[in-house]
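Contents: one structure, followed by commentary.
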Amino acid sequence: MSAFFAYRARRRGNALANYARRQLRDMRAHLDELEGLLAGMREVTLIWREHASEPQVFGPVSLIIDGENDPAAILDLERWLPRDSVTGLSAQLATLRAAGVEFSAGVRALGGAEFEITGRLVAGAPVVRISPKRGIEAEPFALAGSLRRRPTIESCTALISCLNHPAWIRDSRGALAFVNAPYLDMLKTLGKTPGPDGQLPELFDRASIERHRKARREGEGPVSLSETHPQAGPLDVTLFSLEDGAAGYAVQGAASNEAQNDPALSFLTAAINELATPVAVFDADGKLTHYNKAFADLWGLDQAWLETGPNEGQILDRLRTSDMLPAEADYRAWRKEHLKSYGLEAPRESMWHLPNGQVLNVIASPAPKHRGVIYVYENVTERLALESQHNSLIEVQRETLNGLSEAVAVFGTDGKLKLHNPQLSGLWGVDMKALSTHPHIDAIAKACAEVMPEDGARIWGELKQAVIDMDPNRRDAHGRLSRADGKLIDYAIVRLPNGQSLVSFVDVTQAAQYEQLLKERNEALETADKLKDAFVQNVSYELRSPLTNIIGFSDLLANEELGPLNDRQREYTAYIRSSSEALGILIDNILDLASADAGIAELQPEILDIEKLIEKAQAGALATSGSESPVNIEVDIADDLPVFIADETRIVQVLYNLLSNAVRYSDPGATVKIAVSSRGGERIIFTVDDEGAGIPEELVRSVFDRFEGHAVQGRQRGAGLGLAIVKTFVHLHSGTVQIAAREPRGTRVIVNLPARQSRVVPAEGASPAE
Numbered sequence: 035m036s037a038f039f040a041y042r043a044r045r046r047g048n049a050l051a052n053y054a055r056r057q058l059r060d061m062r063a064h065l066d067e068l069e070g071l072l073a074g075m076r077e078v079t080l081i082w083r084e085h086a087s088e089p090q091v092f093g094p095v096s097l098i099i100d101g102e103n104d105p106a107a108i109l110d111l112e113r114w115l116p117r118d119s120v121t122g123l124s125a126q127l128a129t130l131r132a133a134g135v136e137f138s139a140g141v142r143a144l145g146g147a148e149f150e151i152t153g154r155l156v157a158g159a160p161v162v163r164i165s166p167k168r169g170i171e172a173e174p175f176a177l178a179g180s181l182r183r184r185p186t187i188e189s190c191t192a193l194i195s196c197l198n199h200p201a202w203i204r205d206s207r208g209a210l211a212f213v214n215a216p217y218l219d220m221l222k223t224l225g226k227t228p229g230p231d232g233q234l235p236e237l238f239d240r241a242s243i244e245r246h247r248k249a250r251r252e253g254e255g256p257v258s259l260s261e262t263h264p265q266a267g268p269l270d271v272t273l274f275s276l277e278d279g280a281a282g283y284a285v286q287g288a289a290s291n292e293a294q295n296d297p298a299l300s301f302l303t304a305a306i307n308e309l310a311t312p313v314a315v316f317d318a319d320g321k322l323t324h325y326n327k328a329f330a331d332l333w334g335l336d337q338a339w340l341e342t343g344p345n346e347g348q349i350l351d352r353l354r355t356s357d358m359l360p361a362e363a364d365y366r367a368w369r370k371e372h373l374k375s376y377g378l379e380a381p382r383e384s385m386w387h388l389p390n391g392q393v394l395n396v397i398a399s400p401a402p403k404h405r406g407v408i409y410v411y412e413n414v415t416e417r418l419a420l421e422s423q424h425n426s427l428i429e430v431q432r433e434t435l436n437g438l439s440e441a442v443a444v445f446g447t448d449g450k451l452k453l454h455n456p457q458l459s460g461l462w463g464v465d466m467k468a469l470s471t472h473p474h475i476d477a478i479a480k481a482c483a484e485v486m487p488e489d490g491a492r493i494w495g496e497l498k499q500a501v502i503d504m505d506p507n508r509r510d511a512h513g514r515l516s517r518a519d520g521k522l523i524d525y526a527i528v529r530l531p532n533g534q535s536l537v538s539f540v541d542v543t544q545a546a547q548y549e550q551l552l553k554e555r556n557e558a559l560e561t562a563d564k565l566k567d568a569f570v571q572n573v574s575y576e577l578r579s580p581l582t583n584i585i586g587f588s589d590l591l592a593n594e595e596l597g598p599l600n601d602r603q604r605e606y607t608a609y610i611r612s613s614s615e616a617l618g619i620l621i622d623n624i625l626d627l628a629s630a631d632a633g634i635a636e637l638q639p640e641i642l643d644i645e646k647l648i649e650k651a652q653a654g655a656l657a658t659s660g661s662e663s664p665v666n667i668e669v670d671i672a673d674d675l676p677v678f679i680a681d682e683t684r685i686v687q688v689l690y691n692l693l694s695n696a697v698r699y700s701d702p703g704a705t706v707k708i709a710v711s712s713r714g715g716e717r718i719i720f721t722v723d724d725e726g727a728g729i730p731e732e733l734v735r736s737v738f739d740r741f742e743g744h745a746v747q748g749r750q751r752g753a754g755l756g757l758a759i760v761k762t763f764v765h766l767h768s769g770t771v772q773i774a775a776r777e778p779r780g781t782r783v784i785v786n787l788p789a790r791q792s793r794v795v796p797a798e799g800a801s802p803a804e
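In terms of my numbering, the sequence shown has 797 at position 763, counting the first letter as 1, and numbering is strictly consecutive.
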């Protein structure tokens, strides 16, 4: 203990104060030289200096790769990580070095061990730490004096050059290999200069050098000696062994013996100050001997008070008074349990949940030779928050997958199952417990082969080729699988950004059956419709000849060329004539529709007289009405109509059918109006209004369908071809037809036609003639 107090007294001196300030400034540019402390922790640290392509590696590489001591081996990621982890970690390392994006991730090594990998920027340099996850047995924290792996001349040179005291490095033969600037300054002060061949002179005589060598060999780790130099006076000399030599430094001041100085702690004082993680060192009596600025900043403690060397109990009490310690119901019991750290044989970790929301992972490690405790206060607030967020996202992802009706599987780049939902087990008959072990796709194929021996292995063998395909230019795949058990499965393979593959399966067996049933039904309906049309067309042709005879004989009887007729005979003859004409018109309509469907209907455009068109249609409609009290037909033709060019026969048929329908569904003596107007000088508008019962709303959509005649309020239903003819011929003229109910009763039909028809337009639903 007296050595520690003497050390602090020396630091308060002006000379050592200047040394500490310069050393702190220089060491920030040389963090990679703090190998002693970094290697003492149970983790591997990688540091990229400035624009260096390869990092410097510190720490026991054998912790990651069993039996390996070469630091460069840790850079061969494929040697100790699975392929998917290699891909993810490589991308995160590249992002850290290029853009400074920090990361933290857990990985499982090839040997099964789990590690926490954290990447951060420290003083502008990318730093990556690889440490075992919590719960894995760790070795005690060790300072440089107890390291299994000693520093080398190469790694120690930069550190020695930063010291503000005379320091030197000797090779394995004992010859000086390197000295720092203060060493050369002391040589000048003592009047010693390098020899003509550049050989460096010794600071000590041969006897002292031999004494140093003997003490270093007999001691364990760094040793301290007191020397009285003939010219420089009392010197405290610290010596330590290197892997390929030895090193030492001398401090001018009051001489002390070995028991008064701890060389290991003296050597690493500056290194502790350089750490961004709070560190505090307490001696065996519980007194604070070393700490860094991060420790003082973390707890907001006055450094002047810390320099007085308070014991840990006093520090804890002050922190509790400031409400900075975890809230504990029994503080004394918690304090007593915490102070048991001084009897530890191995490191101990404990979580401190502070009132300000921070979470600290407090690592208590026994100092070498049971000289106290070293505390490391790792702030894991952000890491825990990220872990919590990650776990929440995983839970949401799991619930989302489980809620899907599709079977979903996500495979890593190594072919192993990473994620799945229960539907995968149900669809392929693979046990959920087997899937939860993250099997390889080969194992899934084998399990499916046992459940479905006919084609299980073949199907998954084909899927495997697409899943494990590492071609960066590969595309997503999809298709339909037909299983031997009759099931139809639609699948899709999507490549994810991280190189993994998502495979989804949908059982479409029932949907496919419905689709096939509907297809067959549709084909049957189309066939029946064609048969109906062919039958009607054939019958129509067969009716034409006898109908012509009937009309001829009725005309012969009406002319009384064969003899006079009485009134009743004339009436019957007139009925025969009108009915025959109506039937003839019906047959003509059927034949016209057949021609339009066959694509052979052609228009014969010519200049038309609209008034004469209406007269022809009106005469036909009244002649076939069969009503004793015919309705009144009012005609309203605008004066400013443009020249109308269309097919006369087709337009007369359109108007005839419109007027015939209006007359049929009107009461005797009612009025049917037909109006003709123009729109923009390029369109002719025909509007037919009646005062009939109107068309029910549920029938409006079907009135233009063929053979869909309807009886309204007891009226006899028609053949269902009139409005179908209207729609077909209007479309032939590139026009439109609309029908709507009038208020309070009646129906309105509007036909919109182009004023000039100069081209032939196929009827709706018809194919052009070949």
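A virtual CB, placed ideally from N, CA and C, is assigned to each residue, including glycine.
Computed from a prediction, not measured in an experiment: that's the story for all the values here.
Asked, Found
"For E594, which of helix, strand or coil comes out of DSSP?", "coil"
"Considering Cα atoms alone, identify which of P381, G347 and H387 is closest to E362.", "H387"
"At what residues does the alpha helix (DSSP H) containing N691 begin and finish?", "E682 to R698"
"Relative to the alpha-carbon of P456, which residue among G449, A468 and L111 has its alpha-carbon at the smallest distance?", "A468"
"Does the distance from the CB of P473 to the CB of L451 come in under 7 angstroms?", "yes"
"What does DSSP give as the partner residues of R709 in its beta bridges?", "Rather than Arg, the amino acid found at residue 709 in this sequence is Ala. Paired residue(s): D670 and T721."
"Residue range of the beta strand (DSSP E) that K452 falls in?", "L451 to H454"
"Which residues bound the alpha helix (DSSP H) around N395?", "No alpha helix (DSSP H) holds N395; the beta strand (DSSP E) holding it covers V393 to P400."
"Measuring only the C-alpha atoms, how far is F238 from K222?", "14 angstroms"
"With DSSP collapsed to three states, give me the class of A310.", "coil"
"Among the residues of its own chain, which have a CB less than 6 angstroms from the CB of P389, if the five just before and after it don't count?", "D357"
"Measure the C-alpha to C-alpha separation of N413 and Q126 and round it to an integer number of angstroms.", "22 angstroms"
"Would DSSP call G769 helix, strand or coil?", "coil"
"For V444 versus L536, is the C-beta spacing smaller than 7 angstroms?", "yes"
"Let's test the definition: count the other Cβ atoms within 10 Å of the Cβ of M220 and tell me whether it reaches 16, buried, or not, exposed.", "buried"
"Is the beta carbon of R782 closer than 7 angstroms to that of A774?", "yes"
"For R83, does the three-state DSSP call read helix, strand or coil?", "coil"
"Report the rounded CA-to-CA distance for A704 versus G726, giving the unit in angstroms.", "8 angstroms"
"Does the Cβ of F569 have 16 or more other Cβ atoms within 10 Å, making it buried, or fewer, making it exposed?", "exposed"
"With C-beta atoms as the reference, is I671 less than 7 angstroms away from V710?", "yes"
"Just to confirm, are G282 and I187 a CB contact at a threshold of 7 angstroms?", "no"
"Might you give, ordered along the chain, the residues of its own chain that have their beta carbon closer than 6 angstroms to the beta carbon of A483, omitting 5 neighbours on each side?", "G490 and A491"
"Less than 7 angstroms between the beta carbons of A479 and W462, yes or no?", "no"
"Just how far apart, CA to CA, sit V785 and L438?", "52 angstroms"
"To the nearest angstrom, how far is the alpha carbon of S613 from that of I585?", "9 angstroms"
"Take the Cβ of H454 as the centre, count every other Cβ of all protein chains shown within 10 Å, and call the residue buried at 16 or more, exposed below.", "buried"
"To which residues does DSSP link G279 through a beta bridge?", "D205 and L276"
"If I follow the unbroken beta strand (DSSP E) through M358, where does it start and stop?", "No beta strand (DSSP E) contains M358, which DSSP labels as neither H nor E."
"What's the C-alpha gap between S426 and E433?", "10 angstroms"
"Grab me the residues of S114's own chain with a C-beta within less than 7 angstroms of its C-beta, minus the 5 sequence neighbours each way, in chain order.", "The question names Ser, but residue 114 is Trp in the sequence shown. Excluding sequence neighbours, W114 sits near I98, I99, A143 and L144."
"What would DSSP say about I428, mapped onto helix, strand or coil?", "helix"
"Per DSSP, what kind of secondary structure is N786 in: helix, strand or coil?", "strand"
"Which residue's Cα is closest to the Cα of F149: R76, P216 and R131?", "R76"
"Starting from W114, follow the beta strand (DSSP E) in both directions and report where the run begins and ends.", "Run containing W114: none; DSSP gives neither H nor E here."
"Taking the beta strand (DSSP E) that R529 falls in, what are its first and last residues?", "L522 to R529"
"Using DSSP with H/G/I as helix, E/B as strand and the rest coil, what is R369?", "helix"
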